[in-house]
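> Sharing a structure below in structure tokens format, with a few things to ask.
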DNA sequence: TCTTGTTAGATTGTCGACAATCTGATTGTC
DNA sequence: GACAATCAGATTGTCGACAATCTAACAAGA
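Residue numbers (this note's numbering), protein chains in the order written: chain B, 147 to 376; chain Z, 147 to 376.
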């Protein structure tokens with residue numbers, strides 16, 4: 147028996163790579179909400195036939211970031227203020243549940259991973275890499291969901307996160323000014339290390355409320371904005 | 147302006163029909179967990195080419211009831227006791243949230259719809275149609291999620307429900323005896339009509355706990371059962 | 001006997017071409 | 001000018017065939 151535990155090898159199908167490419171393009175805000183995805187054009191750009199591209203698009207439709215209308219096309223989802231509100235209010239419930247489940251499972255590995263991700267956020271903040279800043283913040287936030295030892299919860303949270311990441315990216319793009327450089331996660335991390343679970347839950351709720359208000363205001367601003375074609 | 151509000155016309159693509167067919171086959175327990183889906187065989191049976199079939203399968207993979215391994219095949223998900231446990235514990239949280247949100251929105255239409263679905267359950271119980279019994283019970287249970295006016299919650303609950311329906315169908319199939327004919331939803335419906343929200347939440351939690359214990363015992367029984375091929 | 005290399009068969013992944021459908025412009029009619 | 005019918009172009013949906021990969025059976029060698 148070998149002492150090395152190998153990780154499963156990466157998917158080597160074109161489909162999987164296409165999914166990753168498209169997802170990234172959408173979640174970083176490179177594609178606008180409502181924008182149509184022209185199959186022929188994209189398949190030519192990627193040097194791939196339409197079959198794996200279409201399969202990839204079906205996956206992203208189910209993932210909730212694309213929407214498809216038969217014989218009309220596949221589009222990036224439109225973001226309404228209500229969508230954001232819905233996602234956030236559910237997120238609060240999931241956070242509370244995740245903290246409750248993670249709490250008794252916290253160990254040394256948890257704390258070091260928490261520290262690692264917190265560092266990543268601070269690094270991205272220093273680099274003023276806004277896209278990475280969103281990514282790392284969501285990864286820090288996601289630790290409690292990964293650690294809660296509930297695969298359905300994790301899956302649900304990841305679906306939610308996809309959209310939130312997209313919303314944040316668009317919001318970030320919209321305002322020209324740089325993101326606040328201060329570290330808003332300091333208290334959150336400290337509470338997760340502490341002994342008062344209720345306090346941690348309360349803070350998580352208030353903490354995400356903060357960014358939420360800003361995001362909602364932004365979304366209300368572009369409500370009923372005409373969707374742009376290819 | 148017409149006073150009639152038309153429902154959107156049905157999807158007329160083969161893909162959509164294939165999705166419906168496969169989903170039904172899986173959720174009614176006609177396909178065993180772990181079973182492999184042979185693309186050529188299924189496409190010939192359905193008189194369809196592999197392209198729309200494969201796209202349909204990608205959707206169901208994202209929906210969480212199929213799993214795919216590149217160059218190996220696509221399989222019906224395997225059910226472990228932990229999966230059921232995870233799904234149920236999250237379901238409890240979602241139920242509590244759904245009731246909270248639905249509560250102030252209850253109106254006459256809500257109550258009549260509640261009554262209608264309750265009748266459907268009772269009818270299925272009288273007919274001893276176990277498959278329909280599961281369907282109607284889940285639909286009754288789903289009303290609070292549909293009424294809560296939160297699209298993300300509804301979507302999440304529907305994903306969860308898919309699996310639960312599959313679990314219940316398998317459980318039902320396993321035990322030869324008929325399901326208890328008594329109506330276990332009477333109290334639940336009554337509480338949803340009442341004025342004590344906390345009581346309704348409490349009952350919803352205990353109510354699903356009931357069937358849960360039985361399901362869990364069943365799942366533990368077939369743990370590490372060898373998966374059957376095509 | 002155990003391990004390694006080879007090979008044939010089956011299955012999945014991908015491709016290019018054709019069919020079905022939609023959209024918008026054009027034409028003809030009142 | 002307004003409106004319906006027609007048509008061309010573009011785009012999506014589907015098909016059949018080929019390429020890449022896996023599996024299992026078999027043979028060869030230590």
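Don't be surprised by glycine CBs; every beta carbon is placed ideally from N, CA and C. In this text the structure is predicted, and so the values were computed from the model without any measurement.
1. Rounded to whole angstroms, what is the Cα-Cα separation between residue 221(Z) and residue 178(B)?
2. For residue 199(Z) and residue 338(B), what's the separation of their Cα atoms in angstroms?
3. For residue 148(B), count neighbouring Cβ atoms within 10 angstroms of its own Cβ and tell me buried if that reaches 16, exposed if not.
4. Measuring straight from C-alpha to C-alpha, what distance separates residue 249(B) and residue 340(B)?
5. When we look at the beta-carbon of residue 330(Z) and count the other beta-carbons within 10 Å, is it buried (16 or more) or exposed?
6. Quick one: what does DSSP say residue 175(B) is sitting in, helix, strand or coil?
7. Give the residues of chain Z in contact with residue 464(B), contact being defined as C-beta atoms less than 9 Å apart.
8. Between residue 297(B) and chain Z, is any beta-carbon pair separated by less than 8 Å?
9. Strictly below 9 Å CB to CB, what residues from chain Z border residue 235(B)?
10. Exposed or buried, what is residue 237(Z) when buried is set at 16 or more other beta-carbons lying within 10 Å of its beta-carbon?
11. Could you compute how far the alpha carbon of residue 185(B) sits from the alpha carbon of residue 196(B)?
12. What do you reckon, are the CB atoms on residue 308(B) and residue 211(B) nearer than 8 Å?
13. Check each candidate in 225(Z), 207(Z), 232(Z) and 160(Z) and name the one with the smallest Cα separation from residue 194(Z).
14. Drop a sphere of 10 angstroms on the beta-carbon of residue 205(B), count the other beta-carbons inside from all chains shown, and report buried for 16 or more, exposed for fewer.
15. Any chance you could list the beta strand (DSSP E) runs of at least 3 consecutive residues sitting entirely within the stretch 168-218 of chain Z, in chain order?
16. Chain B partners of residue 227(Z), CB-CB under 7 Å?
17. Count the other C-beta atoms from every protein chain shown that fall within 10 angstroms of the C-beta of residue 251(Z), then say buried if there are 16 or more, exposed otherwise.
18. Using DSSP's beta-bridge definition, name the partner residues of residue 222(B).
19. Helix, strand or coil, according to DSSP, for residue 294(B) in the structure here?
20. What would DSSP say about residue 335(B), mapped onto helix, strand or coil?
21. Using a Cβ-Cβ cut-off of 8 Å, state whether residue 306(Z) counts as contacting chain B.
Walking through what the data contain:
1. 35 Å
2. 46 Å
3. Low confidence applies here, because residue 148(B) scores a pLDDT of 42, under 50, leaving its location unreliable; read the following figure in that light. So residue 148(B) counts as exposed.
4. 10 Å
5. exposed
6. coil
7. What the structure shows of chain B is the stretch from 147 to 376, and residue 464(B) is not part of that stretch, so it cannot be assessed.
8. yes
9. 243, 247, 296, 298 and 299
10. buried
11. 7 Å
12. yes
13. 160(Z)
14. buried
15. 212-215
16. The premise fails here: residue 227(Z) is roughly 13 Å from chain B at the closest Cβ pair, so nothing lies under 7 Å.
17. exposed
18. 212(B)
19. coil
20. helix
21. yes
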